[in-house]
Amino acid sequence: MNTDNKPQVFKDATDFKTQFCEECESIFSKTYDELNDFERYYALASLIAGKARNAKVDGENDEKQVYYFSLEFLIGPLLDNYLLNFGVRDIVKAGCEQLGTPLEELVACEADPGLGNGGLGRLAACFMDSMAALGINGNGNGMRYRYGLFRQEIEGGRQVEMVDNWLEHGFPWETRKNESAVVVQFGGQVVRHQDGERFWFTQEGGEKVKAVPYDVPILGYGAKKVNTLRLWSAEPATEDFDLDAFNSGDYAKAMKFRSDVEAISQILYPNDAGEHGRVLRLKQEYLFVSAGLQTILRTYEKKFGKRYGEKLWEHLGDHVSVHTNDTHPAMCGPELMRILVDEKRVDFDTAFNVARKTISYTNHTVMPEALEKWPIEVFRHLLPRLYMFIEEIDRRYRDTLPHDVEGWANVLSKTAILWDGQVRMANLSVIFAHSVNGVSELHTGILKASTLHEFYELRPDLFNNKTNGISHRRFLGNANPKYAKLICDAIGEGWLADANQLSQLEKYEDDPSFQEEFEKARRWSKERLAKYIFEATGTQLDTSMVFDVQVKRFHAYKRQLLNVFKILDLYNRILSDSSFSPRPTAFIFSGKAAQSYTFAKEVIRLINSVAEVVNGDPRVNDKIRVAFVPNFAVSSAQLIYPATDISEQISWAGSEASGTSNMKLMMNGAITLGTYDGANVEICDLVGQDNIKIFGLRTEEVDALRAAGNYWAWDLYNNDRIRLGRIIDELTDGTLAHLSGNFESIRDELSISNDHDLVLKDFYSYVDAWDELAQAYGDRRAWNKAAIHNTARSGYFSSDRTIREYARDIWHIDA
Ligand code: 73E
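Its first residue numbered 14, the sequence shown is counted upward by one per residue in the working numbering.
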């Protein structure tokens, strides 16, 4: 694997073994043989992490620095990926084999840091991988949560949330950087100072928090570049505690300041229902924004201070790009201005122009009600000086609107930052950005046409699309070793660096011997998954069945409920019609629901109840099986994708901004069963109608239906008591109640709430599409051809392509 100018990490397996055993002794003062598997993993990861830190082969360069600000980086396990990027996977595998512990067993010991909710956080991690692979100076800036997203267990069919103590055994990839800590200030009062003509402001009193960075090296493919992911942790700025309380013996009170501060980096907020408006969240957002920007400006000043002298800050945007992942880092604009104006004495207008030239913004959400907002009172109290900048920018923005043009009041009501007692973070993000992008063609279109329409009318040049992508090295190279090897044997290893080369697989689509090997690889992956599922849940899956998979966060708009309805429909049809024999299929679900999202949690309970009924019923369980894989995470995802035949991407059209599991599954050779939503549209364009199954209402039809206001879900129930009606009855008639009771609230959602997510509306179109697709599986040759074709066309969805587009169009750098 890429031999030229790659630093040599291990000469051969013997060299690797020597270094590995030395590392074991230096860390644990024990020999390799005396260690348990976890300790061996830890030593191996430490060895590789050390090499990554030292592999800064091209050192410092003068090219632009990109800072990717994201509250979430769902990095997943790193070891196997770094072995691939170093090009030493085979050597290490052989060495481990010789030492007596298979590499897979060591890799399985690795913690899976849950520092993200789902797609948005994983996207940030994929972007880090691609920036390093492409040689871009890409720096991640995020939060080091003490506890990741909760660990999910299933008890009696219900989701139970457990603490995710991912740091329990240490994290060998990170380095704490005490010397780079910075102070971040909350609360207090703004004080005005004047000296002759000049006046300035300081923020006095309040709470000072120390932000301490932990750096994780990000190794690019071929090890030609190592970047840094910097994650901030909150600590008290001083060890002084409440002495009065201490002396009077009230130790709890004396120590409270410490726990209050540490709380800022203690937990990751889930992205759904009921978590809005929490002050702690606002503190998290400000902490990583302020700490990140202070560091950036310090580094920049050191490097360019001499070169530019008085004009230093005007050039910031030539050398630095600050990219904001959704609105969570929206305070980057005002905070950059605050530092420039208050600390660097830059004038207000210049500071605003510098901020706008430097900052860009990605939106991930179509639904206006999901856009982030903060009550002005809360905001001003926590960040009084920052708020002054926001107020002034908002005032000036309002002034720029031509008040004599018809409709200006409406434009103002949609685009102003401050409105109705709230700070609207999306508007703040847009006003401070020189680029605003959506994450799929369809999504960007919706931003222009509705969510951010008024901004688009005013500044069409701001808007652009950047269709999401995924790390093909991790999600095909690492996750699917047998298929990856088959691909390498057929077309060489070039696709790891350049995913477009996957298109060379097209000539093998119909090749019987390639197809045979493809089937073997898939069978191996299915067996690996079946074993994992059996060990995790006790559910036995037959690998000759079709594996039909829906894995993602649980959310009403993603419509896991529609999928369950299809399974219940199959169940009923098998029972009532002895001649009905569907293609034997295992339905696999995985995903978490936010703690407070009751409906989503009920859908999880429903799936587990259906699983209990179906799997335990000998009349049907040779035709359908259902499995819920607990605790969906990057590591389990990597086992699931390669084993998937049918990829369920069934959100109602216009709801899913992009989706990325759709891309990961397609790349691994699954056929998509999906709506015309998010990036499914682009998958369809790439593979062609014959190699995907699209169903359901289109975006325009959904819009029209909602606008007409004449959808009555319950009519569908009344019109079909045999199929749809029967399923709905079964929610409450005891059929599914054995495990943990009936499902009244789901029935209410469909009846009283009139089926907001159009589950009943799309039901027939969906089950018909599934029937056809499952039948098509019978023609193995045609199916395999379509599956391989999906992989062959998936190169477009590499995040390398996405990052090249960001670099070219938004950050203005060559990559
Ligand atoms: O469609 C996905 C998209 O593929 C979208 O729902 C997701 O982002 C993915 C990557 O672009 C997303 N996550 C969030 N908003 N959109 C979100 C919001 C608040 C907190 C955490 C995540």
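Glycine included, every Cβ here is placed at the ideal spot set by N, Cα and C.
Classification of residue i by the beta-carbon crowding that lies within 10 angstroms, buried from 16 upward
i	result
Asn423	exposed
Lys677	buried
Val204	exposed
Thr241	buried
Glu35	exposed
Lys544	exposed
Glu785	exposed
Thr804	buried
Thr688	buried
Gln702	exposed
Gly209	exposed
Ser812	buried
Thr16	Here Thr16 scores only 42 on pLDDT, less than 50, and its place in the model should not be relied on; the value that follows carries that caveat. By the 10 Å Cβ count, Thr16 comes out exposed.
Ser589	exposed
Ile500	buried
Thr657	buried
Pro494	buried
Trp186	buried
Phe527	buried
Trp421	exposed
Residue i: first and last residue of the uninterrupted beta strand (DSSP E) it sits in
i	result
His374	Inspection of the sequence shows that residue 374 is occupied by Tyr rather than by His. Note, Tyr374: beta strand (DSSP E), 372-375.
Glu174	171-175
Gln165	164-168
Val79	78-82
Asp208	202-208
Phe641	637-642
Alpha helix (DSSP H) segment containing residue i, residue limits
i	result
Thr673	Unbroken run through Thr673: none, as it is neither H nor E.
Thr815	812-818
Arg66	50-67
Asn693	693-700
Gly451	Taken as a continuous stretch (DSSP letters only), Gly451 belongs to no alpha helix (DSSP H), being part of the beta strand (DSSP E) at 449-451.
Asn576	573-589
His466	466-471
Ala137	132-146
Ala121	No alpha helix (DSSP H) holds Ala121; DSSP gives it neither H nor E.
Ile444	438-444
Leu97	92-99
Gly458	454-459
Residue i (DSSP reduced to helix, strand or coil)
i	result
Pro655	helix
Asn15	Only weak support exists for where Asn15 lies, its pLDDT of 41 falling under 50; the coordinates are left without a value.
Trp3	No answer is possible for residue 3: the residues shown for the chain start at 14 and end at 828.
Met156	strand
Phe23	coil
Trp213	strand
Arg596	coil
Ala247	strand
Trp665	coil
Ala236	helix
Thr480	coil
Asp852	Past the boundaries of the shown model lies residue 852; the chain is included only from 14 to 828, so the question cannot be answered.
Asp630	coil
Glu220	strand
Closer than 8 Å: residue i CB and nearest ligand 2 heavy atom
i	result
Asn450	This structure simply doesn't include ligand 2; it includes ligand 1 instead.
Quiz item: For the 8 Å Cβ check, are there 3 or more pairs between the segment 216-228 and the segment 335-343?
Solution: Put simply, the segment 216-228 does not touch the segment 335-343. Fewer than three CB pairs are less than 8 Å apart.
Quiz item: Quick check: the segment 745-762 against the segment 549-558, are there 3 or more CB pairs under 8 Å?
Solution: Not touching, per the Cβ criterion.
Quiz item: Are the segment 344-359 and the segment 375-390 touching, with three or more C-beta to C-beta distances below 8 Å?
Solution: These segments do not touch.
Quiz item: Quick one: any contact between the segment 514-533 and the segment 791-809, if contact means 3 or more CB pairs under 8 Å?
Solution: Contact holds: three or more Cβ-Cβ distances are below 8 Å.
Practice problem: Output the residue ranges of the alpha helix (DSSP H) runs that lie fully inside the segment 734-809 and measure 4 residues or longer, sorted by chain position. | Solution: Here the runs fully enclosed are 737-743, 757-763, 776-789, 793-805.
Quiz prompt | Segments of 4+ residues assigned as alpha helix (DSSP H) that fall wholly inside the segment 336-391 | solution = If we require 4 residues or more, the alpha helix (DSSP H) runs fully inside the segment 336-391 come out as 345-351, 361-371.
Quiz item: For the segment 91-101 against the segment 482-494, are there 3 or more C-beta pairs whose distance is under 8 Å?
Solution: With the cut-off at 8 Å, the segment 91-101 and the segment 482-494 touch.
Exercise. Could you tell me whether the segment 247-255 touches the segment 82-91, where touching means 3 or more Cβ pairs closer than 8 Å?
Key: Counting Cβ pairs under 8 Å, fewer than three are found: no touch.
Self-check item: Inter-stretch contact at 8 Å, needing at least 3 Cβ pairs: the segment 729-738 / the segment 602-615
Solution: Taking a cut-off of 8 Å for Cβ pairs, the segment 729-738 and the segment 602-615 do not touch, as fewer than three such pairs fall below it.
Quiz item: If we count Cβ pairs, one from each stretch, closer than 8 Å, do we get three or more for the segment 362-372 versus the segment 325-335?
Solution: Between the segment 362-372 and the segment 325-335 there are three or more C-beta pairs closer than 8 Å, enough to call the two in contact.
Quiz item: Between the segment 304-313 and the segment 42-54, are three or more C-beta pairs nearer than 8 Å?
Solution: No: fewer than three Cβ pairs fall under 8 Å.
Quiz item: Which residue spans inside the segment 250-329 form an unbroken alpha helix (DSSP H) run of at least 4?
Solution: Within the segment 250-329, the runs of alpha helix (DSSP H) at least 4 residues long that lie entirely inside it are, in chain order, 256-260, 264-275, 292-321.
Quiz item: In the segment 509-554, which residue ranges form an unbroken alpha helix (DSSP H) of at least 4 residues, counting only runs that do not cross its ends?
Solution: With a minimum length of 4 residues, the continuous alpha helix (DSSP H) runs that stay inside the segment 509-554 are 525-550.
Quiz item: How about the segment 605-622 and the segment 641-648: do they share at least three Cβ pairs that are nearer than 8 Å?
Solution: With a cut-off of 8 Å, the segment 641-648 and the segment 605-622 count as touching, because enough Cβ pairs lie within range.
Quiz item: Are the segment 278-285 and the segment 313-323 in contact at 8 Å, needing three or more beta carbon pairs?
Solution: The segment 278-285, when compared against the segment 313-323, does not touch it at the 8 Å Cβ threshold.
Practice problem: Determine contact between the segment 207-224 and the segment 124-137, defined as no fewer than three beta-carbon pairs at a distance below 8 Å. | Solution: With the cut-off at 8 Å, the segment 207-224 and the segment 124-137 do not touch.
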